[in-house]
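Numbering (the working numbering), first residue to last: 114 to 184. Built from N, CA and C at the ideal position, the CB exists for glycine as well.
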Amino acid sequence: MDTGYGQFGNTAEVMNMEELSYDDQKAHVKKLWQEDPKKYFEWKERCIRFNSLPDFFGTRDNPIPIDESKL
């Protein structure tokens, strides 16, 4: 069972985020969170677990806390 945005969707979202500025990343994350919080949080967890987007979400050993409601 795929979590988040599915096998290819998770990777596509990471690739999209890598191309955005930090402010645009925040806006994109807020949009994803508002559209479907469950998918977003599953994707975010995968990003942290696999150390994807470390500058935004942090890493497995050092996650960055984010309050999506304040983005």
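Take the alpha-carbon of residue 119 and the one of residue 151: they are about 12 Å apart.
Here residue 148 is actually not in contact with residue 116; their C-beta atoms are around 16 Å apart, not less than 8 Å. Spatial neighbours of residue 126 in its own chain (CB-CB distance under 7 Å, excluding positions within 5 residues in sequence) are listed in chain order as 118 and 156. Counting only runs that start and end inside the stretch 115-146, the alpha helix (DSSP H) elements of at least 4 residues fall at 119-131. DSSP places residue 173 in no alpha helix (DSSP H); its state is neither H nor E. Minimum Cα-Cα distance from residue 123 among the listed residues 135, 176 and 166 corresponds to 166. Per DSSP, residue 154 is one residue of the alpha helix (DSSP H) stretching across 150-162.
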